[in-house]
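Report on one structure; see the data block that follows.
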Amino acid sequence: MVNRYLKLSTQEATVIKDQFDIAENKLNNIIRIIRNYRISRKKEIALKNKLKTSIIQLKTKINNLEISFPEDERIDYKRTHHISEEPIIDNEKRHIDHSENKTNDPFEDLNDIKSQLSRFEE
Numbered sequence: 046m047v048n049r050y051l052k053l054s055t056q057e058a059t060v061i062k063d064q065f066d067i068a069e070n071k072l073n074n075i076i077r078i079i080r081n082y083r084i085s086r087k088k089e090i091a092l093k094n095k096l097k098t099s100i101i102q103l104k105t106k107i108n109n110l111e112i113s114f115p116e117d118e119r120i121d122y123k124r125t126h127h128i129s130e131e132p133i134i135d136n137e138k139r140h141i142d143h144s145e146n147k148t149n150d151p152f153e154d155l156n157d158i159k160s161q162l163s164r165f166e167e
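Numbers 46 to 167, taken from the numbering used here, label the letters of the sequence shown in order.
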């Protein structure tokens with residue numbers, strides 16, 4: 046086996062060695078970036094799966110809550126029989142006060158409801 050050598054000056058040798066060191070550093074940086082990307086991608090996938098399972102759990106809890114609430118029969122009856130929005134009760138006309146003087150106080154609303162109920166009981 047024959048070894049062949051190139052004759053280089055010291056200046057050329059140092060330039061080549063510097064370029065080789067720079068290329069090696071760049072390759073090491075690329076390898077480090079790829080490793081960091083793989084690690085972050087694994088974390089992202091784990092978080093995505095955790096989020097997906099928590100969303101599924103929330104959906105099931107919401108469905109369980111909706112099932113536990115009583116259903117409004119009037120709405121179901123309207124959907125199946127196409128009844129008009131305003132039901133007629135004993136052909137009586139009812140006056141509804143839409144004045145702007147109403148407040149958002151729940152206690153006043155409660156008192157109004159009690160007074161209306163007392164009128165019906167008489």
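The beta-carbon is built from N, C-alpha and C at its ideal position, and this holds for glycine as well.
These numbers come from a predicted model, not from an experiment.
Residue i - containing alpha helix (DSSP H), residue span
i: Tyr-50; result: Run containing Tyr-50: none; DSSP gives neither H nor E here.
i: Pro-151; result: 151-166
Residues near residue i by beta carbon distance below 7 Å, same chain, minus five either side
i: Phe-152; result: none
Residue i versus residue j: straight-line alpha-carbon distance, rounded
i: Arg-77; j: Ile-84; result: 11 Å
i: Lys-71; j: Leu-103; result: 47 Å
i: Ile-56; j: Gln-64; result: Looking at the sequence itself, residue 56 is Gln, so the reference to Ile does not match. When rounded, the distance between both Cα atoms is 12 Å.
i: Leu-110; j: Arg-80; result: 45 Å
i: Asn-108; j: Ser-160; result: 38 Å
i: Glu-69; j: Leu-51; result: 22 Å
i: Lys-95; j: Pro-115; result: 32 Å
Local conformation of residue i per DSSP, three classes
i: Glu-57; result: helix
i: Phe-39; result: Beyond the ends of the chain as shown, which are 46 and 167, falls residue 39; an answer cannot be given.
Other residues of its chain near residue i: CB distance less than 8 Å, five sequence neighbours each side excluded
i: Ile-61; result: Leu-53
i: Leu-162; result: none
Burial state of residue i, where buried means 16 or more other Cβ atoms lie within 10 Å
i: Lys-88; result: exposed
Beta-carbon contacts of residue i that lie in its chain and below 6 Å, excluding the five residues immediately before and after
i: Lys-123; result: With a pLDDT of only 48 at Lys-123, under 50, the local geometry of the prediction cannot be trusted, and the value read off the model is given with reservation. Nothing meets the Cβ criterion.
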